[in-house]
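Chains X and H, in that order, give the protein sequences. Heads up, the first sequence is in our numbering, so the first residue is 1 and it goes up one at a time. Heads up, the second sequence is in our numbering, so the first residue is 217 and it goes up one at a time. Just so you know, even glycine gets a beta-carbon here, dropped at the ideal spot from N, CA and C. Remember, it's a predicted structure, so these values are computed and weren't measured experimentally.
Protein chains: 2
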Amino acid sequence: MRRIILSIDEPISKEKLVEMEDGLAAVKVGWPLILSIGVDGVNKLLTGLGLKKIFDLKLADIDNTMNLIVEKLKPMADAFIAHSFIGVRGSLGSLNLQGRELYLVLSMSHPGWNESFYPYLREVAMEVNPEGLVAPATRPSVIRKVREDFPTKVVISPGVGAQGAEPGDAICSGADYEIMGRAIYLSERPVEKLREITKKMEDRLYECKRAKDRPR
Amino acid sequence: MRRIILSIDEPISKEKLVEMEDGLAAVKVGWPLILSIGVDGVNKLLTGLGLKKIFDLKLADIDNTMNLIVEKLKPMADAFIAHSFIGVRGSLGSLNLQGRELYLVLSMSHPGWNESFYPYLREVAMEVNPEGLVAPATRPSVIRKVREDFPTKVVISPGVGAQGAEPGDAICSGADYEIMGRAIYLSERPVEKLREITKKMEDRLYECKRAKDRPR
Numbered sequence: 001m002r003r004i005i006l007s008i009d010e011p012i013s014k015e016k017l018v019e020m021e022d023g024l025a026a027v028k029v030g031w032p033l034i035l036s037i038g039v040d041g042v043n044k045l046l047t048g049l050g051l052k053k054i055f056d057l058k059l060a061d062i063d064n065t066m067n068l069i070v071e072k073l074k075p076m077a078d079a080f081i082a083h084s085f086i087g088v089r090g091s092l093g094s095l096n097l098q099g100r101e102l103y104l105v106l107s108m109s110h111p112g113w114n115e116s117f118y119p120y121l122r123e124v125a126m127e128v129n130p131e132g133l134v135a136p137a138t139r140p141s142v143i144r145k146v147r148e149d150f151p152t153k154v155v156i157s158p159g160v161g162a163q164g165a166e167p168g169d170a171i172c173s174g175a176d177y178e179i180m181g182r183a184i185y186l187s188e189r190p191v192e193k194l195r196e197i198t199k200k201m202e203d204r205l206y207e208c209k210r211a212k213d214r215p216r
Numbered sequence: 217m218r219r220i221i222l223s224i225d226e227p228i229s230k231e232k233l234v235e236m237e238d239g240l241a242a243v244k245v246g247w248p249l250i251l252s253i254g255v256d257g258v259n260k261l262l263t264g265l266g267l268k269k270i271f272d273l274k275l276a277d278i279d280n281t282m283n284l285i286v287e288k289l290k291p292m293a294d295a296f297i298a299h300s301f302i303g304v305r306g307s308l309g310s311l312n313l314q315g316r317e318l319y320l321v322l323s324m325s326h327p328g329w330n331e332s333f334y335p336y337l338r339e340v341a342m343e344v345n346p347e348g349l350v351a352p353a354t355r356p357s358v359i360r361k362v363r364e365d366f367p368t369k370v371v372i373s374p375g376v377g378a379q380g381a382e383p384g385d386a387i388c389s390g391a392d393y394e395i396m397g398r399a400i401y402l403s404e405r406p407v408e409k410l411r412e413i414t415k416k417m418e419d420r421l422y423e424c425k426r427a428k429d430r431p432r
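Quick look at the structure:
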């Protein structure tokens, strides 16, 4: 069971990443890492890894700008994350991902996110029809809603660890994968930490599966 | 009168940029340029220019991620552009710009932008109290609304040229500066093009000033 996506915001050694490979479903990289080690550095770090590479750029601009960004990063990317709030015409509707997957943000993990946007963001996601959706582990009721509205989409969920949710919480609510970063890579022994978190998650999933199977 | 902000999305020679310096109010750089020439390349391009440097990153993430981005780029930046829709708590409210200016996006130039967000985005901008605001030349009624709601803020306006608005339109509606990119830097003679656009803008401003002064 590989349900953890490693979010890498700060430089990490390739050796450590390769050691973790078997325990991960994907890696997610964003602007902070690109700024730290450059496009070439990211390319070197990710080349040869047998993991899906998700570029979490929170794209939220006009089509021309987003397409220039995708063009530069597509050689090393399997998927891109964009904000659904940016809308369809002149933006997401003419985003050219050249075969890469799209994940749309439907909700965020921080307290200041305005959840009343949800019906509109859902409408955008229905129209754009991306491969996946992003919804936060810190808002289980939102994950349940997203799962109900998009039963066949891949749902990935940030906010586990440093931001407060427990491993397994988001999957118990309907997500497919949980995104963790600092809790793992800032640890002195990231490989052991990943194993420990995976065990915690499995226990939690066993519990919630049992809870679901229980007659009411 | 320097009312034009040059948006640089693609590599441009420093020589050409220095030639244009006197005709510009500021330069705006974004992710496509950073990906093309790297952080060092952008630094070299901008160092020594006597112009305000606005980093248009459309920041739209949790505070920790945005702060990592600002940390890397602050040595060469005077201002950063962020999306107001991302909200205050855990995001814009704890964005640490270390003395740089903040410009918040209140509306965008593409047709798919949902203008019904405006009252909420205005509320966010009132709370965050940035130095400036971004509103599109393609929506003059929005610029008028922004100017009315924020009489003392600097309003910068994209969407002129390639996206359809005419030079001077946004300033006539209440903006302070107009952002142009491709219309200038894709021209064979960018310096002449800038001069020509500035002249067009001055004519338009003279006309609209006259229109405003006319007794009704």
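N-terminal and C-terminal residue of the beta strand (DSSP E) that residue i is part of
i	result
Lys-74(X)	It is not in any beta strand (DSSP E) - Lys-74(X) carries neither H nor E in the DSSP assignment.
Residue i - partner residues in DSSP beta bridges
i	result
Tyr-393(H)	Ile-372(H)
Lys-52(X)	Ala-26(X)
Val-350(H)	Val-321(H), Ile-372(H)
Phe-296(H)	Phe-271(H), Leu-318(H)
Leu-222(H)	Val-243(H), Met-396(H)
Ala-381(H)	Val-376(H)
Segment limits, alpha helix (DSSP H) that includes residue i
i	result
Leu-121(X)	118-128
Ser-36(X)	31-46
Leu-17(X)	14-20
Gly-148(X)	According to the sequence displayed, residue 148(X) carries Glu and not Gly. 140-149 is the span of the alpha helix (DSSP H), which, as asked, contains Glu-148(X).
Supposed contact pair residue j and residue i - C-beta distance, whole angstroms, cut 8 angstroms
i	j	result
Leu-320(H)	Ala-293(H)	No, Leu-320(H) and Ala-293(H) are not in contact; Cβ-Cβ is about 16 angstroms, not under 8 angstroms.
Asp-279(H)	Ser-307(H)	6 angstroms
Gly-30(X)	Asp-9(X)	6 angstroms
Gly-239(H)	Ile-270(H)	So it is not a contact: roughly 17 angstroms between Cβ atoms.
Ile-197(X)	Ala-175(X)	The Cβ separation is near 15 angstroms, so there is no contact.
Leu-121(X)	Val-155(X)	At roughly 14 angstroms, the Cβ-Cβ gap does not stay under 8 angstroms, so Leu-121(X) and Val-155(X) are not in contact.
Val-146(X)	Leu-106(X)	6 angstroms
Leu-102(X)	Glu-123(X)	That pair is no contact at about 16 angstroms.
Gln-98(X)	Lys-72(X)	No, Gln-98(X) and Lys-72(X) are not in contact; Cβ-Cβ is about 12 angstroms, not under 8 angstroms.
Neighbourhood of residue i by C-beta, 6 angstroms cutoff - its chain only, sequence neighbours within 5 removed
i	result
Asn-43(X)	Met-76
Arg-305(H)	none
Leu-45(X)	Lys-14
Ser-497(H)	Residue 497(H) cannot be examined here, being either before or after the span of chain H that is shown, 217 to 432.
Asn-67(X)	Asn-96
Lys-268(H)	Ala-242, Asp-294
Gly-168(X)	Met-201, Arg-204, Leu-205
Cβ-based neighbour list, residue i, same chain, cut-off 7 angstroms, excluding 5 preceding and 5 following
i	result
Ile-250(H)	Val-258
Phe-117(X)	Phe-85
Cys-172(X)	Arg-204, Leu-205, Cys-208
Ile-12(X)	Tyr-185
Glu-235(H)	Val-407
Cβ neighbours of residue i in the same chain (closer than 8 angstroms, five flanking residues each side left out)
i	result
Gly-266(H)	Glu-237
Any non-hydrogen atom of the ligand NAP closer than 6 angstroms to residue i Cβ
i	result
Glu-202(X)	Summarising the ligand content, the structure contains no ligands, and the ligand NAP is consequently not present.
7 angstroms Cβ cutoff, residue i in contact with chain A
i	result
Leu-284(H)	Absence of chain A from the displayed structure is noted, the protein chains being X and H.
_Short-range partners of chain H found in the segment 88-99 of chain X, where Cβ spacing is below 8 angstroms_ = Val-88, Arg-89, Gly-90, Ser-91, Leu-92, Gly-93
*asked:* Which residues of the segment 196-212 of chain X have a Cβ closer than 9 angstroms to any Cβ of chain H? Give them in chain order.
replied: none
*Could you run through the segment 241-273 of chain H and flag, in chain order, every residue whose CB is less than 8 angstroms away from some CB of chain X?*
Gly-246, Trp-247, Pro-248, Ile-250, Leu-251, Ser-252, Gly-254, Val-255, Leu-273
_chain X contacts from the segment 317-330 of chain H (Cβ-Cβ distance under 8 angstroms)_ = Met-324, Ser-325, His-326, Pro-327, Gly-328, Trp-329, Asn-330
*For the segment 167-200 of chain X, which residues have a CB atom closer than 9 angstroms to at least one CB atom of chain H, in sequence order?*
Arg-182
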